[in-house]
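Residue 299 is where the sequence shown starts when you use the numbering used here, and the numbers rise one by one after that. We put the CB at the ideal spot given by N, CA and C, even for glycine. All values derive from a computational prediction rather than experimental measurement. Have a look at the structure below, then the notes.
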Amino acid sequence: MSELIKKQVNDAKALMEKAVDHTDSELLKIRAGKANPAMLDDITVDYYGTPTPLSQVGNVNTPDARTIVVQPWEKSLLNAIEKAIKDANLGVNPTNDGVIIRINVPPLTEERRRDLVKKAKGEVESGKVAVRNIRKDANEKIKKLKAEGVSEDEIKTGEAEIQKLTDSYIAKCDVLSEAKEKDIMTV
299 MSELIKKQVN DAKALMEKAV DHTDSELLKI RAGKANPAML DDITVDYYGT PTPLSQVGNV
359 NTPDARTIVV QPWEKSLLNA IEKAIKDANL GVNPTNDGVI IRINVPPLTE ERRRDLVKKA
419 KGEVESGKVA VRNIRKDANE KIKKLKAEGV SEDEIKTGEA EIQKLTDSYI AKCDVLSEAK
479 EKDIMTV
(Lines of atoms letter the chains of each structure in order from A and count residues from 1; the text may use other names and numbers.)
(Lines give C-alpha, C1' and ligand atoms only; values in the text may rest on other atoms or scores of the structure.)
Protein backbone atom coordinates (compact mmCIF):
# COMPACT_ATOMS: atom_id res chain seq x y z
CA MET A 1 0.00 0.00 0.00
CA SER A 2 1.41 3.40 -0.95
CA GLU A 3 2.29 6.03 1.66
CA LEU A 4 -0.46 8.34 0.33
CA ILE A 5 -3.11 5.69 0.94
CA LYS A 6 -1.68 4.75 4.35
CA LYS A 7 -1.93 8.41 5.36
CA GLN A 8 -5.62 8.55 4.31
CA VAL A 9 -6.35 5.33 6.23
CA ASN A 10 -4.59 6.62 9.37
CA ASP A 11 -6.37 9.98 9.14
CA ALA A 12 -9.72 8.22 8.81
CA LYS A 13 -8.90 5.96 11.76
CA ALA A 14 -8.09 8.97 13.98
CA LEU A 15 -11.32 10.72 12.99
CA MET A 16 -13.40 7.58 13.58
CA GLU A 17 -11.79 7.19 17.02
CA LYS A 18 -12.80 10.77 17.86
CA ALA A 19 -16.37 10.13 16.65
CA VAL A 20 -16.71 7.07 18.91
CA ASP A 21 -15.17 8.95 21.87
CA HIS A 22 -17.64 11.80 21.33
CA THR A 23 -20.53 9.32 21.23
CA ASP A 24 -19.29 7.80 24.49
CA SER A 25 -19.08 11.22 26.19
CA GLU A 26 -22.60 12.09 24.99
CA LEU A 27 -23.91 8.79 26.40
CA LEU A 28 -22.34 9.60 29.78
CA LYS A 29 -24.56 12.67 30.00
CA ILE A 30 -27.71 10.55 29.74
CA ARG A 31 -28.99 9.76 33.21
CA ALA A 32 -29.19 6.08 34.08
CA GLY A 33 -30.88 6.26 37.47
CA LYS A 34 -27.59 6.58 39.33
CA ALA A 35 -26.07 9.91 40.30
CA ASN A 36 -23.25 10.83 37.93
CA PRO A 37 -21.37 14.17 37.91
CA ALA A 38 -21.29 14.00 34.07
CA MET A 39 -25.03 14.74 34.14
CA LEU A 40 -24.12 18.35 34.96
CA ASP A 41 -21.38 18.74 32.31
CA ASP A 42 -23.48 20.89 29.96
CA ILE A 43 -24.68 23.29 32.66
CA THR A 44 -23.32 26.83 32.55
CA VAL A 45 -23.58 29.30 35.42
CA ASP A 46 -23.79 33.09 35.11
CA TYR A 47 -20.45 34.01 36.72
CA TYR A 48 -20.34 37.81 36.93
CA GLY A 49 -22.01 38.13 33.53
CA THR A 50 -20.01 35.37 31.84
CA PRO A 51 -21.53 31.92 31.11
CA THR A 52 -19.09 29.53 32.82
CA PRO A 53 -19.19 25.70 33.00
CA LEU A 54 -20.42 24.47 36.40
CA SER A 55 -17.22 22.44 36.88
CA GLN A 56 -15.21 25.69 36.80
CA VAL A 57 -17.10 27.40 39.64
CA GLY A 58 -17.26 24.56 42.16
CA ASN A 59 -16.66 20.92 43.04
CA VAL A 60 -19.17 18.38 41.73
CA ASN A 61 -19.14 14.93 43.33
CA THR A 62 -21.35 12.00 44.30
CA PRO A 63 -21.28 10.97 47.97
CA ASP A 64 -23.67 8.08 47.22
CA ALA A 65 -25.53 6.47 44.30
CA ARG A 66 -28.55 8.78 44.58
CA THR A 67 -26.98 12.18 45.42
CA ILE A 68 -24.88 14.77 43.61
CA VAL A 69 -23.29 17.53 45.69
CA VAL A 70 -22.14 20.85 44.22
CA GLN A 71 -19.87 22.88 46.46
CA PRO A 72 -19.23 26.33 44.93
CA TRP A 73 -15.90 28.03 45.47
CA GLU A 74 -17.75 31.29 46.23
CA LYS A 75 -20.87 31.25 48.43
CA SER A 76 -22.30 34.14 46.38
CA LEU A 77 -22.76 31.69 43.47
CA LEU A 78 -25.12 29.32 45.31
CA ASN A 79 -28.30 30.89 43.92
CA ALA A 80 -26.90 31.20 40.38
CA ILE A 81 -25.85 27.52 40.40
CA GLU A 82 -29.22 26.41 41.77
CA LYS A 83 -31.02 28.43 39.07
CA ALA A 84 -28.78 27.01 36.30
CA ILE A 85 -29.50 23.43 37.44
CA LYS A 86 -33.27 24.10 37.54
CA ASP A 87 -33.15 25.79 34.11
CA ALA A 88 -31.29 22.78 32.63
CA ASN A 89 -34.52 20.77 32.97
CA LEU A 90 -32.82 17.52 34.03
CA GLY A 91 -35.80 16.25 35.98
CA VAL A 92 -34.04 16.84 39.31
CA ASN A 93 -34.71 19.33 42.09
CA PRO A 94 -31.64 20.96 43.67
CA THR A 95 -31.77 21.96 47.36
CA ASN A 96 -29.63 24.82 48.64
CA ASP A 97 -28.66 24.69 52.33
CA GLY A 98 -26.58 27.89 52.28
CA VAL A 99 -23.27 26.02 51.96
CA ILE A 100 -23.73 23.36 49.27
CA ILE A 101 -26.33 22.29 46.74
CA ARG A 102 -27.64 18.75 46.97
CA ILE A 103 -29.38 17.04 44.10
CA ASN A 104 -31.30 13.88 44.90
CA VAL A 105 -31.56 11.75 41.77
CA PRO A 106 -34.95 10.04 41.84
CA PRO A 107 -35.33 6.48 40.58
CA LEU A 108 -36.49 6.34 36.97
CA THR A 109 -39.98 5.22 35.96
CA GLU A 110 -40.32 2.51 33.31
CA GLU A 111 -41.59 5.08 30.78
CA ARG A 112 -38.69 7.45 31.48
CA ARG A 113 -36.24 4.55 31.08
CA ARG A 114 -37.68 3.79 27.64
CA ASP A 115 -37.37 7.47 26.65
CA LEU A 116 -33.74 7.52 27.79
CA VAL A 117 -32.99 4.33 25.80
CA LYS A 118 -34.45 6.03 22.71
CA LYS A 119 -32.30 9.10 23.37
CA ALA A 120 -29.20 6.90 23.81
CA LYS A 121 -29.94 5.05 20.57
CA GLY A 122 -30.26 8.42 18.82
CA GLU A 123 -26.83 9.46 20.10
CA VAL A 124 -25.31 6.17 18.96
CA GLU A 125 -26.93 6.54 15.53
CA SER A 126 -25.39 10.03 15.26
CA GLY A 127 -22.02 8.47 16.05
CA LYS A 128 -22.52 5.83 13.34
CA VAL A 129 -23.50 8.51 10.81
CA ALA A 130 -20.32 10.43 11.68
CA VAL A 131 -18.22 7.26 11.11
CA ARG A 132 -19.94 6.64 7.76
CA ASN A 133 -19.34 10.25 6.69
CA ILE A 134 -15.66 9.86 7.55
CA ARG A 135 -15.61 6.70 5.39
CA LYS A 136 -17.18 8.58 2.49
CA ASP A 137 -14.70 11.47 2.73
CA ALA A 138 -11.73 9.09 3.01
CA ASN A 139 -12.86 7.08 -0.02
CA GLU A 140 -13.23 10.27 -2.06
CA LYS A 141 -9.71 11.36 -1.08
CA ILE A 142 -8.34 7.93 -2.01
CA LYS A 143 -10.05 8.05 -5.43
CA LYS A 144 -8.47 11.46 -6.09
CA LEU A 145 -5.03 9.86 -5.56
CA LYS A 146 -5.44 8.14 -8.95
CA ALA A 147 -4.48 11.47 -10.53
CA GLU A 148 -1.22 11.33 -8.57
CA GLY A 149 -0.28 8.01 -10.12
CA VAL A 150 -1.62 5.58 -7.52
CA SER A 151 -2.67 2.30 -9.15
CA GLU A 152 -6.24 1.04 -9.35
CA ASP A 153 -5.33 -2.00 -7.17
CA GLU A 154 -3.88 0.19 -4.41
CA ILE A 155 -7.00 2.37 -4.47
CA LYS A 156 -9.16 -0.77 -4.06
CA THR A 157 -6.92 -1.95 -1.19
CA GLY A 158 -7.23 1.46 0.49
CA GLU A 159 -11.01 1.44 0.16
CA ALA A 160 -11.12 -2.08 1.62
CA GLU A 161 -9.01 -0.89 4.61
CA ILE A 162 -11.36 2.06 5.14
CA GLN A 163 -14.35 -0.32 5.05
CA LYS A 164 -12.71 -2.59 7.65
CA LEU A 165 -12.15 0.43 9.91
CA THR A 166 -15.73 1.57 9.40
CA ASP A 167 -17.09 -1.86 10.34
CA SER A 168 -14.97 -2.02 13.50
CA TYR A 169 -15.96 1.49 14.67
CA ILE A 170 -19.65 0.86 13.93
CA ALA A 171 -19.32 -2.30 16.07
CA LYS A 172 -17.77 -0.18 18.87
CA CYS A 173 -20.79 2.13 18.68
CA ASP A 174 -23.08 -0.90 18.99
CA VAL A 175 -21.19 -2.08 22.08
CA LEU A 176 -21.58 1.38 23.66
CA SER A 177 -25.29 1.30 22.85
CA GLU A 178 -25.86 -2.12 24.41
CA ALA A 179 -23.93 -1.16 27.55
CA LYS A 180 -25.87 2.10 28.00
CA GLU A 181 -29.21 0.40 27.38
CA LYS A 182 -28.38 -2.26 29.98
CA ASP A 183 -27.28 0.50 32.40
CA ILE A 184 -30.52 2.47 31.90
CA MET A 185 -32.84 -0.55 32.12
CA THR A 186 -31.20 -1.99 35.27
CA VAL A 187 -33.37 -1.11 38.24
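Are residue i and residue j close, meaning C-beta to C-beta below 8 Å?
{"i": "THR342", "j": "ILE401", "result": "no"}
{"i": "ILE453", "j": "LEU463", "result": "no"}
{"i": "ILE482", "j": "ARG411", "result": "yes"}
{"i": "LEU338", "j": "VAL358", "result": "yes"}
{"i": "ILE468", "j": "LYS426", "result": "yes"}
{"i": "LYS419", "j": "SER475", "result": "yes"}
{"i": "VAL318", "j": "CYS471", "result": "yes"}
{"i": "PRO335", "j": "THR360", "result": "yes"}
{"i": "ALA436", "j": "ALA310", "result": "yes"}
{"i": "VAL403", "j": "GLU479", "result": "no"}
Here's a check: name, in chain order, each residue in its chain whose Cβ is nearer than 7 Å to the Cβ of residue i, leaving out the five neighbours to either side.
{"i": "LYS417", "result": "ILE328"}
{"i": "PRO370", "result": "VAL355, GLY356, LEU376 and ILE379"}
{"i": "THR350", "result": "THR342 and VAL343"}
May I ask you to list the residues that DSSP assigns as paired with residue i?
{"i": "PRO351", "result": "THR342"}
{"i": "GLN369", "result": "ASN357"}
{"i": "ASP362", "result": "THR365"}
In chain order, what residues of the same chain lie with their CB nearer than 8 Å to the CB of residue i, ignoring the 5 residues before and after it?
{"i": "THR455", "result": "MET299 and ILE303"}
{"i": "PRO362", "result": "The sequence as given places Asp at residue 362; Pro does not occur at that position. Cβ within range, chain order: ALA333."}
{"i": "ALA382", "result": "ILE341, THR342, VAL343, ASP344 and LEU352"}
{"i": "HIS320", "result": "GLY425 and ALA428"}
Assuming residue i and residue j are in contact, meaning their beta carbons sit under 8 Å apart, how far apart are those beta carbons, in whole angstroms?
{"i": "LEU313", "j": "ILE432", "result": "5 Å"}
{"i": "GLU421", "j": "LEU326", "result": "In fact, because the Cβ distance is near 10 Å, the residues do not count as touching under 8 Å."}
Which residues in the same chain have their Cβ closer than 6 Å to the Cβ of residue i, if we skip the five residues on either side of it in sequence?
{"i": "LEU388", "result": "none"}
{"i": "ALA386", "result": "ILE341"}
{"i": "ASN394", "result": "LEU376 and GLU380"}
Could you tell me which uninterrupted alpha helix (DSSP H) segments, each at least 4 residues in length, are contained entirely in the region 415 to 470, listed from first to last along the chain? Complete alpha helix (DSSP H) runs here, min 4: none at all.
Quick one: which unbroken alpha helix (DSSP H) runs of 4-plus residues sit fully inside the region 371 to 409? Chain order, please. Within the region 371 to 409, the complete alpha helix (DSSP H) runs of at least 4 residues are 376 to 385.
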